[in-house]
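So the structure is just underneath, and the comments pick up after that.
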Amino acid sequence: MVGKHVPVLLQECLEGLNIAPGGVYVDGTLGRGGHSQAIAERLTTGTLIGIDQDDAAIREAGERLSPYGGKVKLVQGNFRDMTGILRELGIGRVNGVLLDLGVSSPQLDDGSRGFSYVSDAPLDMRMDRSSPVTARDIVNGRSEEELRRIFFEYGEERYSRAIAAAIVRRRAERPLETTLELVDVIKSAMPAAALREKQHPAKRCFQALRIAVNDELEALRDGLEAAMDALAPGGRLCVISFHSLEDRIVKNAIRARENGCTCPPEFPVCVCGFVKTMKSVTRKPITPDSGETADNPRARSAKLRVAERL
Ligand SMILES: C[S@@+](CC[C@H](N)C(=O)[O-])C[C@H]1O[C@@H](n2cnc3c(N)ncnc32)[C@H](O)[C@@H]1O
Ligand SMILES: [Zn+2]
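Those letters in the sequence shown? Residues 0 to 309, per numbering that gives the first Met the number 0, in order.
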């Protein structure tokens, strides 16, 4: 259990954000408030805005951060709406934005939320419990082709076709209701050798469904644009991603503002009108050291990219 509650790449994020005690920082993925607490501790006259779409996260982190009083403002919402959230708070430019993507350990550990393939729960997987679409709706309502695409694109699942077909056959008898029912159907569609692999056989499909339910990739694209727009010159963007789909989106969003010139290479000067507004601080993403990954298995796939607004 050692290190279970230690935020991923904490020191690296604090350095990446380059925290000034009087600055304004946004934690777009508050979770249980681990990163936020460390940021708040370093502020004197500064402000931390914590955003999470999960009402439980806002409540839990709210207790943890209550000692910091007026320095901390928490908002339940989606980081893709950061522009409007900051406007409502009357905040102009900010000095740093942190996004620590994916699901939190409280979400995974709460057996009732349906994120986990090891505990039986209704097929929900919504981070924002007021949003209309659950995993149950997707599993029972989308076409076979659409399910195949979700498992293949968002989960890089090799057996996406067989799994989608098995789901459609099974739901013709009665709808799938729980996570473990879904795990059984997924396993039934996979060859025996795949079931013996180290990774849990349902891991990729569960990741894929979670991405679909929460529209995670589109939210990330929107959130990155809003975050980079919100930064003051010198302000820092720090993003921790957990799979290659996310990391690619982060890398490309930064690159588009760093090197988005579309002029042919033989042109002596740029005429396309591109204005460079970001610069990468990390050439290659930062990954946790072996000490951190030994303590915290979730950290194993983490990648941190840092960029600065010009
Ligand atoms: C990995 S956890 C963050 C953990 C946090 N850094 C800590 O130290 O406790 C990710 C959190 O981000 C939230 N989240 C994910 N995508 C979001 C989005 N688009 N908008 C707002 N919150 C989001 C999830 O609900 C979850 O609570
Ligand atoms: Zn150009």
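Even glycine gets a Cβ: it sits at the ideal position worked out from N, Cα and C.
- Checking the DSSP bridge columns, you'll see L98 partnered with V238.
- Each residue's CA atom was taken as its position, placing L230 and V132 some 32 Å apart.
- Shown here, D221 sits in a helix according to DSSP, grouped into three states.
- Relative to the non-hydrogen atoms of ligand 1, the Cβ of V96 never comes closer than 7 Å to any of them.
- For N295, the CB stays at least 7 Å from every heavy atom of ligand 1.
- The C-alpha of E245 is placed about 15 Å away from the C-alpha of I285.
- With a 10 Å radius around the Cβ and a threshold of 16 neighbouring Cβ atoms, L97 comes out buried.
- Contact between the stretch 293-307 and the stretch 66-80 is absent: fewer than three C-beta pairs spanning the two stretches fall below 8 Å.
- Burial check for T261: the Cβ neighbour count within 10 Å stays below 16, so the residue is exposed.
- Beta-carbon to beta-carbon, K72 and A39 are separated by about 11 Å, too far to satisfy the 8 Å threshold.
- Those residues placing their Cβ nearer than 5 Å to any heavy atom of ligand 2 are, following chain order, C260, C262, C269, C271, F273.
- Here the C-alpha atom of G113 lies approximately 35 Å from the C-alpha atom of R254.
- Contact annotation: R63 and G32 have beta-carbon atoms nearer than 8 Å.
- Contact annotation: P200 and K186 have beta-carbon atoms nearer than 8 Å.
- Exposure of A171 is indicated by the presence of fewer than 16 other C-beta atoms within 10 angstroms of its C-beta.
- L194 and I137 do not touch by the CB rule: their CB atoms are close to 24 Å apart, not below 8 Å.
- Here M81 carries a helix assignment [DSSP, helix/strand/coil].
- Under the 10 Å beta carbon count, E87 is surrounded by fewer than 16 other beta carbons and is classified as exposed.
- Distances from the CA of A218 to each of Q52, D288, R203, V23 were compared; the closest alpha carbon is that of Q52.
- The distance from the Cβ of F241 to that of A301 is about 6 Å, consistent with a contact at the 8 Å cut-off.
- The alpha helix (DSSP H) runs lying completely inside the stretch 94-167 and spanning 4 residues or more are 104-108, 134-140, 143-154, given in chain order.
- When only Cα atoms are considered, N251 and Y24 end up about 23 Å apart.
- About 7 Å separates the beta carbons of P20 and T44, which is inside the 8 Å limit, making them a contact pair.
- Looking from the CA of D123, the closest CA among E156, A161, R147, L179 belongs to L179.
- In this structure, A39 has its beta carbon at no less than 7 Å from each heavy atom of ligand 1.
- DSSP places A201 outside any alpha helix (DSSP H), giving it a letter other than H or E.
- Judged by DSSP in its simplified three-state form, R304 adopts strand.
- When only Cα atoms are considered, N258 and K275 end up about 7 Å apart.
- By alpha-carbon distance to R135, the top candidate from A120, R148, R147, D127 is A120.
- Following the DSSP letters along the chain, one finds T46 inside the beta strand (DSSP E) bounded by residues 46-51.
- In the structure shown, M277 falls within a strand segment according to DSSP collapsed to helix, strand and coil.
- Sequence-distant Cβ neighbours of G101 in its own chain, meaning closer than 6 Å and more than five residues away, are F241.
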